[in-house]
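S.K.: In this note's numbering, the protein residues as written are 5 to 368. Glycine included, every Cβ here is placed at the ideal spot set by N, Cα and C.
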Amino acid sequence: MQTQKVEEWGFQYIQRYSMYQEFVRRMKNLLQDLIEREHVKVYALEGWAKSPESFIRDLTESGKALPVDPFKDMPDLATVRILLYFPSDAIAVEKTIQEEFLIDLPRSTTSKDLEDPDIFGYRSIVYDVSLKSDRSKLREWERYRDLKLHLQVRTMLQEAWATISPEIAGATDVVTKGKLKRKLSRVSALLEEADEDFHYLREAAKGLAIPVTPDRAKPIIDNSPPEEKKPLDKEDLRKLFEESDGALYSRWSEAARETGFPGFVPDSSYLEDSLDYLCRIFKAAEFNSVSEVRDFLSSMERDGTGIEQLKTVHSAFEEEISSWKVDGYSAVFLLVLNMKWDVLQNKDLVGLGIKMGSDRIKGV
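1) Across which residues does DSSP place residue 49 in a beta bridge pair?
2) Please report whether the beta-carbon of residue 37 lies at a distance below 9 angstroms from any beta-carbon of chain B.
3) For residue 284 and residue 362, what's the separation of their Cα atoms in angstroms?
4) Report back the beta-carbon spacing between residue 293 and residue 235 to the nearest angstrom; my notes put them in contact at under 8 angstroms.
5) Find the nearest neighbour of residue 92 within the set 274, 158, 32, judged by alpha-carbon distance.
6) In its own chain, which residues sit with a C-beta less than 8 angstroms from the C-beta of residue 160, not counting the 5 before and 5 after it?
7) Alpha carbon to alpha carbon, what distance is there between residue 40 and residue 16?
8) Compute the distance between the beta-carbons of residue 366 and residue 324, then report whether it is under 9 angstroms.
9) Of the choices 156, 57, 100, 282, whose alpha-carbon is the least far from that of residue 111?
10) Taking the CB atoms as reference points, tell me whether residue 245 and residue 148 lie closer together than 9 angstroms.
11) Note down the Cα distance separating residue 83 from residue 312, rounded to an integer number of angstroms.
12) What residue range does the beta strand (DSSP E) around residue 134 cover?
13) Nearest-angstrom Cα distance between residue 137 and residue 79?
14) By DSSP, does residue 75 sit in helix, in strand, or in coil?
15) Take the Cβ of residue 322 as the centre, count every other Cβ of all protein chains shown within 10 Å, and call the residue buried at 16 or more, exposed below.
16) Tell me which residue opens and which closes the beta strand (DSSP E) that residue 156 is part of.
17) What does the Cβ neighbour count give for residue 338, buried or exposed, with the cut at 16 atoms within 10 Å?
18) Using DSSP's beta-bridge definition, name the partner residues of residue 105.
19) Which of the three DSSP states is assigned to residue 374 in this structure?
20) Hey, residue 163 and residue 128: beta-carbon distance below 9 angstroms or not?
21) For the alpha helix (DSSP H) holding residue 277, just list the boundary residues, first then last.
22) Judging by CA-CA distance, which residue of 135, 307, 336 is the nearest neighbour of residue 34?
23) Cα-Cα, which of 266, 105, 131 is closest to residue 116?
24) Could you pull the start and end residues of the alpha helix (DSSP H) that residue 349 belongs to?
25) Report yes if the CB atom of residue 151 is closer than 9 angstroms to the CB atom of residue 253, and no otherwise.
26) Among 315, 58, 291, which has the Cα closest to the Cα of residue 348?
27) For residue 74, count neighbouring Cβ atoms within 10 angstroms of its own Cβ and tell me buried if that reaches 16, exposed if not.
28) With DSSP as the reference, label residue 114 as helix, strand or coil.
29) Which term fits residue 54, buried or exposed, when burial requires 16 or more other beta carbons within 10 angstroms of its beta carbon?
30) Quick check on residue 85: buried or exposed, where buried means 16 or more other Cβ atoms within 10 Å of its Cβ?
31) Taking the alpha-carbon positions, what's the residue 153 to residue 114 distance?
32) Express the C-alpha separation of residue 193 and residue 327 in angstroms, rounding to a whole number.
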């Protein structure tokens, strides 16, 4: 009976696996945007859905009772790990998580919990979260409203502890385990102290920094428009394409149709993803501000280069073009991919999500 249940659940999870992968990707992007607003520097933001093999292995692990519903009871079907530089950054990110998501407190480890002197090791913040109703009601999020995300918030030294300590603590005999545990306790204390010292040094460096007084005879005046100083983000692109009732988006959507790409009317969720991938490829191609994007697109329209580049892409993939889904954002994505290949070819296109964006347009 148990074997049959595991097989049924395994089959169900395989069917849902792509949804969990997409959920992780969208949550990574959302968290990145939320953290950027708090001006917290992130070392790395990683995410993954539990593989079907791991899902089945966890269910069949000896000595464990089967859950009533693994899709509700297994906390790590979707995981995002946020690696930060300082403990104070982790506290700032924790505050954002508490404000933006529904928290499953019994399954979470808060910063307050970590103050318990009886906790062994250099533990880190963990939250099991789900979407709040105001977000899950949005069309682009509604399919994820019942899903939970396992969130790990760590400094790099906490990550070192989490990665290395399980390998060391795997000794089998009691005497060796006792010796190792005492040694590990000292190491964890040193790591925690190092994190605190790094934080102290950062704050001290800020306090000791000597301001440079500008030459009074030559006042520094920055006449560049605000958009040239602000780093490029998705909302900048959205505003650019929505100016004048979406004229820019409409022109590139029409350019795709004129070139011969199949007619395609995307829903709001597809458009949101297209905008996200477009932002990714602009950043990967080293566009640093919305003004640079504006200038690039203007030059592509002014001399007809943009249309010619889209025709080149269409011609190269003519035999498989019938399955492609090219909206206005995707047309510009293809344009950047073709025009900036000299820059992009040296980047990690898989890790940056560029390959996934390209495959999505092709209907792969």
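M.R.: Put simply:
1) Against the sequence shown, residue 49 aligns to sequence position 45. Its beta-bridge partners are 86.
2) Absent from the structure is chain B; it holds one protein chain and no more.
3) To locate residue 284, count along the sequence shown from 1; it is residue 280. To locate residue 362, count along the sequence shown from 1; it is residue 358. Cα to Cα, the separation comes out at about 11 angstroms.
4) Working through the sequence shown from its first residue, we reach residue 293 at position 289. Working through the sequence shown from its first residue, we reach residue 235 at position 231. Indeed they touch by this definition, with Cβ atoms about 7 angstroms apart.
5) The residue labelled residue 92 in the question sits at position 88 within the sequence shown. The residue with the shortest Cα to Cα distance from residue 92 is 158.
6) As a first step, residue 160 must be located in the sequence shown, where it is residue number 156. Cβ neighbours of residue 160 beyond the five flanking positions: 47, 87, 88, 89.
7) Reading the sequence shown from its first residue, position 12 is the one you call residue 16. Reading the sequence shown from its first residue, position 36 is the one you call residue 40. Going by the C-alpha atoms only, they are around 36 angstroms apart.
8) In the sequence shown, counting from the first residue as 1, residue 366 sits at position 362. In the sequence shown, counting from the first residue as 1, residue 324 sits at position 320. In contact: residue 366 and residue 324 (Cβ atoms closer than 9 angstroms).
9) Taking the first residue of the sequence shown as position 1, residue 111 is located at position 107. Considering only alpha carbons, the answer is 156.
10) Indexing the sequence shown from 1 puts residue 245 at position 241. Indexing the sequence shown from 1 puts residue 148 at position 144. For residue 245 and residue 148, no; Cβs fall outside 9 angstroms.
11) Locating residue 83 in the sequence shown gives position 79, counting from the first residue. Locating residue 312 in the sequence shown gives position 308, counting from the first residue. CA-to-CA, the gap between residue 83 and residue 312 works out to about 42 angstroms.
12) The residue labelled residue 134 in the question sits at position 130 within the sequence shown. Boundaries of the beta strand (DSSP E) harbouring residue 134: 129-135, taken from the DSSP string.
13) Against the sequence shown, residue 137 aligns to sequence position 133. Against the sequence shown, residue 79 aligns to sequence position 75. Using only the alpha carbons, I get a separation of about 20 angstroms.
14) As a first step, residue 75 is located in the sequence shown; it is residue number 71 there, counting from the start. Three-state DSSP puts residue 75 in a helix.
15) Looking up residue 322 in the sequence shown gives position 318. Classification of residue 322: exposed, given that the 10 Å Cβ count is below 16.
16) Here the question's residue 156 lines up with position 152 in the sequence shown. Start and end: 153-159.
17) As a first step, residue 338 must be located in the sequence shown, where it is residue number 334. Buried: at least 16 other Cβ atoms inside 10 Å.
18) For the purposes of this step, residue 105 is taken as the residue at position 101 of the sequence shown. According to DSSP, residue 105 bridges with 135.
19) The question about residue 374 has no answer here: the residues shown for the chain are numbered 5 through 368.
20) Translated into positions along the sequence shown, residue 163 becomes position 159. Translated into positions along the sequence shown, residue 128 becomes position 124. Their beta carbons are under 9 angstroms apart, which means residue 163 touches residue 128 by this criterion.
21) Numbered from 1 along the sequence shown, position 273 holds the residue referred to as residue 277. Residue 277 -> alpha helix (DSSP H) spans 272-288.
22) Numbered from 1 along the sequence shown, position 30 holds the residue referred to as residue 34. With distances taken between Cα atoms, residue 34 lies closest to 135.
23) For this step, residue 116 is matched to residue 112 along the sequence shown. It is 131 whose Cα lies nearest to the Cα of residue 116.
24) Residue 349 sits at position 345 when you count from the first residue of the sequence shown. Run containing residue 349: none; DSSP gives neither H nor E here.
25) Numbered from 1 along the sequence shown, position 147 holds the residue referred to as residue 151. Numbered from 1 along the sequence shown, position 249 holds the residue referred to as residue 253. The answer is no: Cβ separation not under 9 angstroms.
26) Counting from 1 along the sequence shown, the entry for residue 348 is found at position 344. Closest option to residue 348, Cα to Cα, is 291.
27) Against the sequence shown, residue 74 aligns to sequence position 70. It counts as buried.
28) Position 110 of the sequence shown, counted from the start, is the residue given in the question as residue 114. Residue 114 falls in the coil class under three-state DSSP.
29) Taking the first residue of the sequence shown as 1, we reach residue 54 at position 50. Label assigned to residue 54: buried.
30) By 1-based counting over the sequence shown, the position of residue 85 is 81. So residue 85 ends up on the buried side.
31) Residue 153 sits at position 149 when you count from the first residue of the sequence shown. Residue 114 sits at position 110 when you count from the first residue of the sequence shown. Rounded to the nearest angstrom, the two C-alpha atoms are 15 angstroms apart.
32) Within the sequence shown, residue 327 is the residue found at index 323, counting from 1. Within the sequence shown, residue 193 is the residue found at index 189, counting from 1. C-alpha separation (whole angstroms): 57 angstroms.
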